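So in our numbering, spot 234 of the sequence shown is number 234, and the numbers just go up one at a time. All C-beta atoms, glycine included, are put in the ideal place defined by N, C-alpha and C. Values in this document were obtained by computation on a predicted structure and should not be read as measured data. All remarks here apply to the structure that follows.
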Amino acid sequence: MELKVFDDVSAASEYAAGMIADIIKTKSDPILGLATGASPILTYKKLVDLYESGEISFNNVVTFNLDEYCGLAADDVNSYHYFMFDKLFDHVDIDINNVHIPDGDSDDPIAEAACYDALIDSFGGIDIQLLGIGVNGHIGFNEPSDSFIGATHIVELSQSTIDVNGKYFTDYVIPDRAITMGIDQIMKAKKIIMLAYGDSKADIIYKLFHADSVTPMIPATALIKHPDCTVICDKEAARKL
Ligand code: PGA
């Protein structure tokens with residue numbers, strides 16, 4: 001893992017957006033793996049700026065998101081579908097047929113999970129995967145556990161995730177299950193960038209860079225074995241290193 005530390009979230013997001021823009025500019029059929037949460041919001045804004053200034057176009061871009069809550073319809077304001085259109089897709093020239101987000105509201109979530117992996121593979125895999133990291137070390141919704149799950153799967157959210165993400169849910173309680181890309185699909189991405197900002201991420205970033213080995217109790221440690229992973233932090237998240 002390569003570590004890049006920036007003075008602030010704006011500079012870090014500009015760097016991350018630049019890495020994604022490079023893939024969009026150099027590949028004729030770029031496949032992006034995208035994330036939700038607070039960390040990527042400014043990266044998406046910077047990508048929208050690059051689109052508006054004519055530097056990049058999304059017309060050939062294909063996207064696969066990491067995860068979605070179970071039981072939320074796509075137009076629910078708390079769904080990751082809603083988030084992605086609000087923060088990125090509504091503001092660029094992407095063909096919505098090229099947008100893929102796991103369907104957390106599917107009648108058959110197990111079949112949905114199997115189809116999702118097959119679809120990603122049919123596109124030849126992800127060129128660049130954007131990740132956040134949970135304070136508990138989760139990536140996507142791969143929560144700390146006794147073993148890694150490789151395939152896209154349904155997961156029970158950990159109490160840590162419910163506590164952290166629950167604050168965004170005002171009208172009803174956060175779902176306790178989600179569908180997430182598994183560790184194998186994330187690790188198959190040709191390039192990975194992980195964003196970690198703010199003091200609340202300082203402990204987990206310290207643990208990640210001081211882990212003796214890969215452990216499913218800190219899912220992000222899987223990235224230690226990835227050949228091209230860049231961890232992008234602001235000063236606060238990196239302050240214990
Ligand atoms: P955050 O979430 O970007 O909102 O901090 C990251 C994550 O939980 O993966």
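Practice item. Please report the Cβ distance between I23 and I128, rounded to the nearest whole angstrom; I am assuming they are in contact, meaning their Cβ atoms lie under 8 Å. Key: Confirmed, about 5 Å.
Exercise for review: Compute the distance between the beta-carbons of E68 and P102, then report whether it is under 8 Å.
Suggested key: The criterion of a C-beta distance shorter than 8 Å is satisfied by E68 and P102.
Check your understanding: Of all the options F89, Y116, G137, which has the alpha carbon lying nearest to the alpha carbon of L66?
Key -> Selected option, being the one with the closest Cα: Y116.
Check your understanding: For S147, which option in A220, T36, A189 has the closest C-alpha, if you only look at C-alpha atoms?
Key -> Nearest C-alpha to S147 among A220, T36, A189: A220.
Practice item. Taking V48 as part of the alpha helix (DSSP H), name the residues at either end of that continuous run. Key: In the DSSP assignment, V48 falls within the unbroken alpha helix (DSSP H) covering 41–52.
Check your understanding: What separation, rounded to the nearest whole angstrom, lies between the Cα atoms of D95 and T36?
Key -> If you draw a straight line from the Cα of D95 to the Cα of T36, it comes to about 19 Å.
Practice item. Return yes when the Cβ of I204 is within less than 8 Å of the Cβ of G137, no when it is not. Key: Result yes, Cβ atoms of G137 and I204 sit closer than 8 Å.
Practice item. Return the Cβ separation of I179 and A113 in integer angstroms, given the expectation that the two are a contact with Cβ distance under 8 Å. Key: Right, the Cβ-Cβ distance comes to about 6 Å (below 8 Å), so this counts as a contact.
Check your understanding: Can you tell me where the alpha helix (DSSP H) with F123 in it begins and where it stops?
Key -> DSSP places F123 outside any alpha helix (DSSP H), giving it a letter other than H or E.
Point to revise | Beta-carbon proximity check, A151 vs G182, cutoff 8 Å | key: It is a contact, given that the beta carbons lie within the stated cut-off.
Check your understanding: Since A202 and A237 are thought to touch, with beta carbons under 8 Å apart, how far apart are those beta carbons, to the nearest angstrom?
Key -> About 6 Å; that satisfies the 8 Å criterion.
**Study point:** Secondary structure of F169, DSSP reduced to three states
**Key:** The answer is coil: DSSP assigns F169 none of H, G, I, E or B.
Review point. Can you pull the DSSP bridge partners for G33?
Key: Partner(s): F64, Q129.
Point to revise | Among S39, K87, S28, T26, the one whose alpha carbon lies nearest that of Y231 | key: Here residue 231 turns out to be Val, not Tyr, going by the sequence shown. Selected option, being the one with the closest Cα: S39.
Check your understanding: What are the boundary residues of the alpha helix (DSSP H) that D184 is part of?
Key -> Taken as a continuous stretch (DSSP letters only), the alpha helix (DSSP H) holding D184 covers 183–188.
Check your understanding: Between the C-alpha atoms of A87 and T43, what's the straight-line distance to the nearest angstrom?
Key -> The question names Ala, yet the displayed sequence has Lys at residue 87. Cα to Cα, K87 sits roughly 10 Å from T43.
Check your understanding: Which one of D76, H81, N98 has the shortest CA to CA distance from F58?
Key -> Checking every option, the nearest Cα to that of F58 belongs to N98.
Check your understanding: What are the boundary residues of the alpha helix (DSSP H) that V9 is part of?
Key -> Here the alpha helix (DSSP H) through V9 covers 9–26.
Review point. What are the start and end residues of the alpha helix (DSSP H) that includes D86?
Key: Counting along the chain, the unbroken alpha helix (DSSP H) around D86 starts and ends at 80–87.
Check your understanding: So does I133 have its beta carbon nearer than 7 Å to some heavy atom of ligand 1?
Key -> Flag set: Cβ of I133 near ligand 1.
Review point. Skipping 5 residues on each side, what residues in its chain have a beta carbon closer than 6 Å to that of L208?
Key: So the qualifying residues of the chain are A220.
Exercise for review: Could you say which of I149, S122, T26, D76 lies nearest to D171 if we only look at CA atoms?
Suggested key: D171 has its Cα closest to that of D76, out of I149, S122, T26, D76.
Exercise for review: Would you mind stating whether G166 and I174 have Cβ atoms separated by less than 8 Å?
Suggested key: Against a cut-off of 8 Å, the Cβ pair of I174 and G166 comes out as a contact.
Exercise for review: Kindly indicate the opening and closing residues of the alpha helix (DSSP H) around K207.
Suggested key: It spans 202–210 - the alpha helix (DSSP H) in which K207 sits, taken as one unbroken run.
Point to revise | Within 8 Å, strictly: CB atoms of D228 and K190 | key: Between D228 and K190, the C-beta gap is smaller than 8 Å, which places the two residues in contact.
Point to revise | Whole-angstrom C-beta distance between K240 and Y206, which should lie under 8 Å | key: Y206 to K240, Cβ: 4 Å. Contact.
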